[in-house]
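Step one of this worksheet: look at the structure below.
2 protein chains.
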Amino acid sequence: MKYSKQRESILRALAEKLDHPTAEMVYQAVKLEQPNISLGTIYRNLNQLAEQGMLRRISTPVSGDRFDIRTAPHAHLLCTCCGRMLDLEEDLLDAIDQKVLDTAGFQVQDHQLLLSGTCSCCMAQSRRDVS
Amino acid sequence: MKYSKQRESILRALAEKLDHPTAEMVYQAVKLEQPNISLGTIYRNLNQLAEQGMLRRISTPVSGDRFDIRTAPHAHLLCTCCGRMLDLEEDLLDAIDQKVLDTAGFQVQDHQLLLSGTCSCCMAQSRRDVS
DNA sequence: AACAAAACAGGAATAATAACTATATTTAGA
DNA sequence: TCTAAATATAGTTATTATTCCTGTTTTGTT
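Chain order of the listed sequences is P and W. Take 1 as the starting number for the first sequence in this note's numbering and just add one per residue. Take 1 as the starting number for the second sequence in this note's numbering and just add one per residue.
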């Protein structure tokens, strides 16, 4: 894979934005540095980088896919109230893989644990609204 | 919600096809009974039924969403080799929810655990191919 | 039976993403 | 350092999944 300043910007944007941006969000962020980058370049790079394991793709039932610079498997929390996506430190995952192999004979290569619900901010907010 | 024979066919198709079909697959199946059902009807019904909690939507990084008549939360296994989606009986989920609430203050409403990898059939197949 | 509410078919519209093409940039080697 | 091949890019067009719209049909109620 050859160097390009576009890809460098994309990686930098992902490193800075830890909120699991969509392709469009990455595009908007990178555009500040590279004003005439094309959206196709964003998608091509995100796909390549995901394939190389340099970032991971998270698909949600909501809208477009999201991308995450952390490559180690971990779980995601999607707040149905404010739409933010948070991380959850998770040590359970390896144990789950082993259990799946034992019980179902299925060799896990990747997992995607997406929990949707209400984040603590939104819970606090709604408590405030009621009272 | 009013009765319609289209929706009845959709539900029957889902009950028979336990392989988590996409909307398109449901369309093809239902078309055998209702030859001029429209794809819009499939989507409208799948969305309504999912909203009512009568079925669940599973989003994958691969292509279109899939639908599942089992409403109880359970995990899914997506084989990257043959593309089939399997179920995994899973009692861990409730425990995970509680842990998430304790550690992150996040109230889980729904989870989607998607494990991708190689199913036992494909593993057996590849062993056969090698030898 | 008559009417309102909901559902439908068919097609047009949208949104996310991928594919194409001609030009530009990078990099290894002479 | 220069050059040529490989790869990347911008900009555009195409594809795919899904939703929206409109006029018609079905369903449930009085």
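C-beta atoms are modelled at their ideal positions from N, C-alpha and C, and glycine is treated no differently. Note that this is a predicted model, so its numbers are computed, not measured.
Asked: Cβ pair count under 8 Å reaching 3, the region 21-32 of chain W against the region 109-119 of chain P; Found: no
Asked: Any chain P beta carbon closer than 8 Å to residue 25(W); Found: no
Asked: Proximity to residue 99(W) [Cα-Cα], best of 103(P), 68(P) and 75(P); Found: 75(P)
Asked: With 16 other Cβ atoms within 10 Å as the buried cut-off, status of residue 107(P); Found: buried
Asked: First through last residue of the beta strand (DSSP E) which encompasses residue 29(P); Found: From DSSP, residue 29(P) is part of no beta strand (DSSP E) but of the alpha helix (DSSP H) over 23-31.
Asked: Assigned secondary structure, residue 75(W) (DSSP; H/G/I helix, E/B strand, else coil); Found: strand
Asked: Test: residue 72(P) CB closer than 8 Å to a CB of chain W; Found: no
Asked: Through-space distance from residue 131(W) to residue 123(W), alpha-carbon basis; Found: 13 Å
Asked: Under 7 Å (Cβ pairs) to chain W, residues found in the region 14-42 of chain P; Found: none
Asked: Contact the region 53-61 of chain P vs the region 46-65 of chain W: 3+ CB pairs below 8 Å; Found: yes
Asked: Near-chain P residues of the region 98-110 of chain W - C-beta to any C-beta below 7 Å; Found: 100, 104, 105, 106, 107, 108, 109 and 110
Asked: Chain-order list of residues whose beta-carbon lies under 6 Å from that of residue 22(W) (same chain, five-residue window excluded); Found: 64 and 66
Asked: Rounded C-alpha distance that separates residue 6(W) from residue 41(W); Found: 8 Å
Asked: Proximity below 8 Å, CB of residue 45(P) to CB of residue 10(P); Found: yes
Asked: Straight-line Cα distance separating residue 3(P) from residue 39(W); Found: 45 Å
Asked: Cβ of residue 126(W) within 8 Å of any chain P Cβ; Found: no
Asked: Residue of 14(P), 19(P), 12(P) and 52(P) minimising C-alpha distance to residue 87(P); Found: 19(P)
Asked: Spatial distance of residue 37(P) from residue 43(P) (CA atoms); Found: 11 Å
Asked: Proximity to residue 54(P) [Cα-Cα], best of 15(P), 102(P) and 78(P); Found: 15(P)
Asked: Beta-bridge pairing of residue 52(W) - partner residues as DSSP gives them; Found: Looking at the DSSP assignment, residue 52(W) forms no beta bridge with any residue, so it has no partner.
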